[in-house]
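Here the structure comes first, spelled out in C-alpha cells, and everything after it is commentary.
2 protein chains.
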Amino acid sequence: MKMELNEFLISAEEFGQRTGPHDAIVLSSRVRLARNIVGIPFPGRADRESKQRVLETVQPAVESLPEMKSHFSGAMADLKAVEKQILMERHLISREHAAKGAGSGIVLNRDETLCVMVNEEDHLRIQSIRPGLQLKQVWQRIDKFDSELEAKIGYAFSDKLGYLTACPTNLGTGIRVSAMLHLPGLVLNEQVNQIIQAVNKLGHTVRGFYGEGTEALGHIFQVSNQMTLGETEAEIVERINKVVLQIVEHEATARRTLLEKKPNELFNHVGRALGVTAHAHIISSKEAMNLLSLLRLGISMNLMPGLERSSLDELFLLIQPAHLQQTCGEKLASEQRDLVRAGLLRKRMKGVKGVKPPPEPSDA
Amino acid sequence: MKMELNEFLISAEEFGQRTGPHDAIVLSSRVRLARNIVGIPFPGRADRESKQRVLETVQPAVESLPEMKSHFSGAMADLKAVEKQILMERHLISREHAAKGAGSGIVLNRDETLCVMVNEEDHLRIQSIRPGLQLKQVWQRIDKFDSELEAKIGYAFSDKLGYLTACPTNLGTGIRVSAMLHLPGLVLNEQVNQIIQAVNKLGHTVRGFYGEGTEALGHIFQVSNQMTLGETEAEIVERINKVVLQIVEHEATARRTLLEKKPNELFNHVGRALGVTAHAHIISSKEAMNLLSLLRLGISMNLMPGLERSSLDELFLLIQPAHLQQTCGEKLASEQRDLVRAGLLRKRMKGVKGVKPPPEPSDA
Numbered sequence: 000m001k002m003e004l005n006e007f008l009i010s011a012e013e014f015g016q017r018t019g020p021h022d023a024i025v026l027s028s029r030v031r032l033a034r035n036i037v038g039i040p041f042p043g044r045a046d047r048e049s050k051q052r053v054l055e056t057v058q059p060a061v062e063s064l065p066e067m068k069s070h071f072s073g074a075m076a077d078l079k080a081v082e083k084q085i086l087m088e089r090h091l092i093s094r095e096h097a098a099k100g101a102g103s104g105i106v107l108n109r110d111e112t113l114c115v116m117v118n119e120e121d122h123l124r125i126q127s128i129r130p131g132l133q134l135k136q137v138w139q140r141i142d143k144f145d146s147e148l149e150a151k152i153g154y155a156f157s158d159k160l161g162y163l164t165a166c167p168t169n170l171g172t173g174i175r176v177s178a179m180l181h182l183p184g185l186v187l188n189e190q191v192n193q194i195i196q197a198v199n200k201l202g203h204t205v206r207g208f209y210g211e212g213t214e215a216l217g218h219i220f221q222v223s224n225q226m227t228l229g230e231t232e233a234e235i236v237e238r239i240n241k242v243v244l245q246i247v248e249h250e251a252t253a254r255r256t257l258l259e260k261k262p263n264e265l266f267n268h269v270g271r272a273l274g275v276t277a278h279a280h281i282i283s284s285k286e287a288m289n290l291l292s293l294l295r296l297g298i299s300m301n302l303m304p305g306l307e308r309s310s311l312d313e314l315f316l317l318i319q320p321a322h323l324q325q326t327c328g329e330k331l332a333s334e335q336r337d338l339v340r341a342g343l344l345r346k347r348m349k350g351v352k353g354v355k356p357p358p359e360p361s362d363a
Numbered sequence: 000m001k002m003e004l005n006e007f008l009i010s011a012e013e014f015g016q017r018t019g020p021h022d023a024i025v026l027s028s029r030v031r032l033a034r035n036i037v038g039i040p041f042p043g044r045a046d047r048e049s050k051q052r053v054l055e056t057v058q059p060a061v062e063s064l065p066e067m068k069s070h071f072s073g074a075m076a077d078l079k080a081v082e083k084q085i086l087m088e089r090h091l092i093s094r095e096h097a098a099k100g101a102g103s104g105i106v107l108n109r110d111e112t113l114c115v116m117v118n119e120e121d122h123l124r125i126q127s128i129r130p131g132l133q134l135k136q137v138w139q140r141i142d143k144f145d146s147e148l149e150a151k152i153g154y155a156f157s158d159k160l161g162y163l164t165a166c167p168t169n170l171g172t173g174i175r176v177s178a179m180l181h182l183p184g185l186v187l188n189e190q191v192n193q194i195i196q197a198v199n200k201l202g203h204t205v206r207g208f209y210g211e212g213t214e215a216l217g218h219i220f221q222v223s224n225q226m227t228l229g230e231t232e233a234e235i236v237e238r239i240n241k242v243v244l245q246i247v248e249h250e251a252t253a254r255r256t257l258l259e260k261k262p263n264e265l266f267n268h269v270g271r272a273l274g275v276t277a278h279a280h281i282i283s284s285k286e287a288m289n290l291l292s293l294l295r296l297g298i299s300m301n302l303m304p305g306l307e308r309s310s311l312d313e314l315f316l317l318i319q320p321a322h323l324q325q326t327c328g329e330k331l332a333s334e335q336r337d338l339v340r341a342g343l344l345r346k347r348m349k350g351v352k353g354v355k356p357p358p359e360p361s362d363a
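Those protein sequence lines, which keep their order, are chains A and D.
The opening residue of the first sequence carries number 0 in numbering that gives the first Met the number 0; numbering runs sequentially from there.
The opening residue of the second sequence carries number 0 in numbering that gives the first Met the number 0; numbering runs sequentially from there.
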C-alpha cells in the first residue's frame, strides 16, 4: 500500500521543534549534489522515454540505500498541486521541480533531511538539509550517500571536468553548499548590505532568500558557493562554513548593539510585531514572514516570555499558502488565506504578554 | 490668592467623561463671537498702552458676569509655555493667542465651556464649546453672555455693517459656528472627499482639523460657516446644525456599511490599532491620534469590550505634548515624549482583549 504524502510528512510542530548549533541565527544548512547518468541526455534534452528510464533506474536505487529505509517515493505527475507546494514550502524541492510532470519524481527520507529530485535540471539532485549550522555533518552524510548511490548507478563523469551537469555553473563537483541565515539585527542596524557586498567580494553569494537586500522577506538570507570547479568539496564546505560563522558573529554583535544602543527601537519593532500578529484580521504571507521574523528576534533576545522559538518556526511553516490550506482541509483563495492566516496567528499569540525588557545587568 | 492654571483646569479624566448628543460622531460644538471696543484701535494696530487698557477694561467686566462666578483669569505674559499649550490642546485658545505676550489675556469659566480671549485678532474673542452636537444650546448661552457683556462694554458697532472686526471675513455678526466631527467611517469607505466637496459647495467650510482630506489626523474634521454677513446668527446656527446632522447620518451609514460589507477590513483596522497601541514602545502624537481614532470607531460599534469611549477621549488629550509633560511633571524632548506616550498607551490598553465581532443578528 502506498502512503499518502501528507501521512508521511512530519508535522509542522515537529518541524519547528528541531534544533541545531547556532539556530538563533542559522535556520538551516544544506548541501546538494548535481549528478547525471552516463549515456542518457540531460533532462532538458531528453525525450519522455529517456526520462522515464532515468526515473525507473534512479528511484529503486535510491530507495534501496540504508538512509532511505523508510521513505516517501513518488512521481511528480501523481502529486497534487498542494502537495508539491508543501514540499516547496519545506525547501525540499525547487520551484522548478514543483512545476515538473511525467518523468520526474522524488524520494524523501523519514525525517525530511535527505531528498532526491529525479529529472529536475539534472537527472539527480541529491540534497541534504539540517537545522542550524551543520554544513560539515551534512556534507559527510551526503558524501556517503552519494558514494553508495554511485556504486549502483553509472554517473556521467570526466577525469578532466569532473561530474558533468546540464548547466556549466555546476560542472566539476556539482556541489552547492548553502546556509539560510536569519539576520534581522543586521537589517535593523542597516549593516546588511555592507555584509552582503563584503561576502560577495570573497566569491560567495549572499542574497535575500525571498527578496533583495534590506527588502529580504523575513530578514532571511542565503549564503552559498559560486564556484564548483577548482576546489575539493571539503574545501568549499570549509570556506562556506567559515563565512557563515563570520556572519553569525556580525549578527550576534548587531543584536547586542541594538539592545545596548537602541533598546527602545528594538522593543518597538518587536512589540509592534507582536501587537499586529496578535490583533490583525487580515495578514498576507509576506507581512506574516516579516512579523514572525521580528518575534523570532525578540525570542532570541529573551524579550518575549511565553513564546518559544519552536512555535515561531512552526508558524513560519503554517502561514505559507499550501500549509495553511492543508491545515484547513480545503482550497482557499488568496483573500481567504489572509483571513485564516490572521486567525491562526491571533489564536497562537493569545496570552503572550508583550515585550519584557531584560533586567539590567547588576554591578554586583 | 491667585489660583494656578493647572489647579483650576478639570482633569483629563473628567474631560473625557463629558457627554453630549451624537457624541459618537460629533466631538464638540463651538460658537465664537468677535467683538471690539469702540474707540480703540484693533489689536494688530494698537500700541502696548491701548492693549493694556483693553485688557484692564475687559477682564473685570467678563469676570463680573454670573457665568464667570468661578473663573480663571490671567495675562498671557504670566502663563508658562506649557500652560498655553495645554489651553490650545483643549481648544480653549488659538495657536495665535498662545503666541501672544503682554497686553493679551484670557478668562475661563469653571467647566471650560466658556472662554474669552482678550486681544487676540480682535479685542474680544468670546467662545463657548460643549461636547456633542449642541450648537443651538451653545448659541443661546453665548448670546446671553454677549448681551450681558455688551451692557458693560461699548462694542464697536455700525448700523450698516454690524459688529466691526479686525478682519473683514468676520464683519457683521462676528460669529463663527463650528462642529468637530469624527468621521473614520467616511474615510475608510473613501467617501469623505465627496462629502467635503458637497458641503463646501453649499457655502460652508469642511476641512481636516489637523490635515487635509483623507490625511486628516485622527479622522477629525471641522464644519463651520464661511459667511458672517447677510444672515442672522440664529439662521447661521440653524444651517450649520442641519449640515452637521446630514454628515452624522452619512457617517453612521458608512459605519454600518463597513460592518455589513467589509467586516474583516473593519476588524483588521481596529484590531491593528489596538495591537500597536497596546505593544508599541515609540509612538508620535500624530500616529497616536490615528490609532485612538480607530479604537474610538471600534468602541462606537461595540467591537471593543473592556474599553470605554470616555477613556479614549481622555487619552486623546493625555497623548498631546503639553498634557504628556504635565502628567510627567517635567519638560520632555520630542523623542522622550514618544517613549512616554507609548508607555502610557500600553498601560491603558493592558487587559483589552481584542476585537470581538458583534453577534450576527438572529432571524428569529
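Using N, Cα and C, we set each Cβ at its ideal position, and we do this for glycine too.
Through-space distance from residue j to residue i, alpha-carbon basis
| i | j | result |
| --- | --- | --- |
| residue 96 of chain A | residue 84 of chain A | 10 angstroms |
| residue 363 of chain A | residue 309 of chain A | Confidence at residue 363 of chain A is low in this model, with a pLDDT of 46, below 50, so its placement is unreliable and the value that follows should be read with caution. Cα-Cα distance, rounded: 34 angstroms. |
| residue 267 of chain D | residue 238 of chain D | 37 angstroms |
| residue 137 of chain D | residue 25 of chain D | 14 angstroms |
| residue 181 of chain A | residue 338 of chain A | 27 angstroms |
| residue 111 of chain A | residue 341 of chain D | 45 angstroms |
| residue 21 of chain D | residue 120 of chain D | 32 angstroms |
| residue 232 of chain D | residue 205 of chain D | 19 angstroms |
| residue 0 of chain A | residue 71 of chain A | For residue 0 of chain A, the predicted structure reports a pLDDT of 48, less than 50, and the residue's modelled location is therefore unreliable. A value from the coordinates is still provided. The alpha-carbon atoms of residue 0 of chain A and residue 71 of chain A are separated by roughly 12 angstroms. |
| residue 94 of chain D | residue 23 of chain A | 52 angstroms |
| residue 118 of chain A | residue 292 of chain A | 34 angstroms |
| residue 63 of chain D | residue 103 of chain D | 19 angstroms |
| residue 261 of chain D | residue 8 of chain A | 38 angstroms |
| residue 277 of chain D | residue 65 of chain A | 54 angstroms |
DSSP-derived helix/strand/coil call for residue i
| i | result |
| --- | --- |
| residue 221 of chain A | strand |
| residue 188 of chain A | coil |
| residue 89 of chain A | coil |
| residue 297 of chain A | helix |
| residue 363 of chain A | The predicted model places residue 363 of chain A with a pLDDT of 46, which falls under 50 and marks its position as unreliable, so this point remains unresolved. |
| residue 348 of chain D | helix |
| residue 116 of chain D | strand |
| residue 227 of chain A | coil |
| residue 202 of chain A | coil |
| residue 103 of chain D | coil |
| residue 74 of chain A | strand |
| residue 134 of chain A | helix |
| residue 305 of chain A | coil |
| residue 216 of chain A | helix |
| residue 126 of chain A | strand |
Integer-rounded CB distance, given that residue j should sit under 8 angstroms from residue i
| i | j | result |
| --- | --- | --- |
| residue 269 of chain D | residue 316 of chain D | Actually they are not in contact, since the Cβ atoms of residue 269 of chain D and residue 316 of chain D sit about 21 angstroms apart, beyond 8 angstroms. |
| residue 372 of chain A | residue 287 of chain A | Because residue 372 of chain A is not part of the residues shown, which for chain A are 0 to 363, the question remains open. |
| residue 226 of chain D | residue 202 of chain D | 7 angstroms |
| residue 134 of chain A | residue 198 of chain A | No, residue 134 of chain A and residue 198 of chain A are not in contact; Cβ-Cβ is about 15 angstroms, not under 8 angstroms. |
| residue 57 of chain D | residue 123 of chain D | 6 angstroms |
| residue 257 of chain A | residue 188 of chain A | 6 angstroms |
| residue 115 of chain D | residue 105 of chain D | 7 angstroms |
Minimum C-alpha distance to residue i - residue among the options
| i | options | result |
| --- | --- | --- |
| residue 171 of chain A | A/292, A/224, A/77 and A/228 | A/228 |
| residue 324 of chain A | A/29, A/88, A/15 and A/20 | A/88 |
| residue 34 of chain D | D/259, D/275, D/330 and D/169 | D/169 |
| residue 332 of chain A | A/214, A/243, A/284 and A/157 | A/284 |
| residue 67 of chain A | A/6, A/251 and A/147 | A/147 |
| residue 27 of chain A | A/53, A/90, A/46 and A/37 | A/90 |
| residue 220 of chain D | D/12, D/153 and D/195 | D/195 |
| residue 130 of chain A | A/17, A/193 and A/37 | A/17 |
| residue 352 of chain D | D/265, D/334, D/305 and D/41 | D/305 |
| residue 279 of chain A | D/280, D/311 and D/275 | D/275 |
| residue 368 of chain D | D/78, D/127 and D/354 | Because chain D spans 0 through 363 in this model, residue 368 of chain D falls outside it and cannot be assessed. |
| residue 348 of chain D | D/322, D/313, D/356 and D/7 | D/313 |
| residue 157 of chain A | A/350, A/300, A/330 and A/36 | A/36 |
> Given a limit of 9 angstroms on CB to CB distance, which residues of the segment 260-274 of chain D reach chain C?
Replying inline: No chain C appears in this structure, whose protein chains are A and D.
> Can you list, in chain order, the stretches of the alpha helix (DSSP H) that have 4 or more residues and sit fully within the segment 142-189 of chain A?
Replying inline: 183-187
> Can you give, in chain order, each stretch of the alpha helix (DSSP H) that sits fully within the segment 0-67 of chain A and has at least 4 residues?
Replying inline: 4-7, 11-16 and 47-62
>> Ignoring anything shorter than 4 residues, give me the alpha helix (DSSP H) runs that lie fully in the segment 238-294 of chain A, in order along the chain.
In response: 262-278
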